[in-house]
Amino acid sequence: MQGLCSLPGHSLRAIALDWPVAYDEKAMARPLSLLAGLVLVGILLLACQKGGAVAPQVVQRGQSLYQTYCITCHGGIQGDTRVPYAPPHTSAGHTWHHPDGQLKEIILNGYTYRGTMPAFRGILSEEDVEAILAYIKTWWGEQERAYQAEVSRLWEAQRRSP
Numbered sequence: 022m023q024g025l026c027s028l029p030g031h032s033l034r035a036i037a038l039d040w041p042v043a044y045d046e047k048a049m050a051r052p053l054s055l056l057a058g059l060v061l062v063g064i065l066l067l068a069c070q071k072g073g074a075v076a077p078q079v080v081q082r083g084q085s086l087y088q089t090y091c092i093t094c095h096g097g098i099q100g101d102t103r104v105p106y107a108p109p110h111t112s113a114g115h116t117w118h119h120p121d122g123q124l125k126e127i128i129l130n131g132y133t134y135r136g137t138m139p140a141f142r143g144i145l146s147e148e149d150v151e152a153i154l155a156y157i158k159t160w161w162g163e164q165e166r167a168y169q170a171e172v173s174r175l176w177e178a179q180r181r182s183p
């Protein structure tokens, strides 16, 4: 059964029907090592996410604060921004591209680019801002949350290095 359906050194029949004949310990170890490595990376990424899961009451508090201070300009989960240049905080927006530390600075200190984001320092506490961010993150998909967690981790590491 050599020919079109063969692998170097093994026939398709040997692989499909006579598994022990085609078994190569080194060849099998490579995919298993790769799988183990991917599982380890996934575990490390989850472990690196600051604080892991957020308590539901924090998210609820963030929702309430968002409704009070943010929705007027940034819109809701549908991405219906109401002020030009105020980005939506959904997966379609770009908030998830920024690290937590930078988002906190923007919220507390304000930001001017095309439009003006007012400063909320003295109005919102650090805990309030963290609750708002926790709420916004519930709008993102798993990939956006993982990406943003890694960006946040790298940003924090860079800020700590001399």
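So for the sequence shown, the numbering used here puts the first residue at 22; every next one is plus one.
C-beta: ideal position from N, C-alpha, C; glycine also.
Per-residue burial, residue i [other beta carbons within 10 Å of its own, 16 or more giving buried]
i           : result
residue 150 : buried
residue 169 : buried
residue 113 : exposed
residue 101 : exposed
residue 178 : exposed
residue 181 : exposed
residue 83  : buried
residue 120 : buried
residue 156 : buried
residue 87  : buried
Backbone secondary structure at residue i - three-state DSSP
i           : result
residue 161 : coil
residue 173 : helix
residue 26  : The pLDDT assigned to residue 26 is 41, lower than 50, so where the model puts this residue is not dependable, and the model offers no usable value.
Given residue i as reference, the closest of the options once Cα atoms are compared
i           : options           : result
residue 173 : 116, 159, 152     : 116
residue 118 : 180, 175, 183     : 175
residue 145 : 137, 85, 181      : 85
residue 75  : 154, 123, 183     : 154
residue 91  : 164, 80, 109      : 109
residue 164 : 126, 97, 111, 124 : 111
residue 134 : 97, 106, 98       : 106
residue 7   : 93, 97, 89        : Any answer about residue 7 is impossible in this case: the structure gives the chain only from 22 up to 183.
Segments assigned beta strand (DSSP E), at least 3 residues, entirely inside the segment 69 to 144: 132 to 134, 136 to 138
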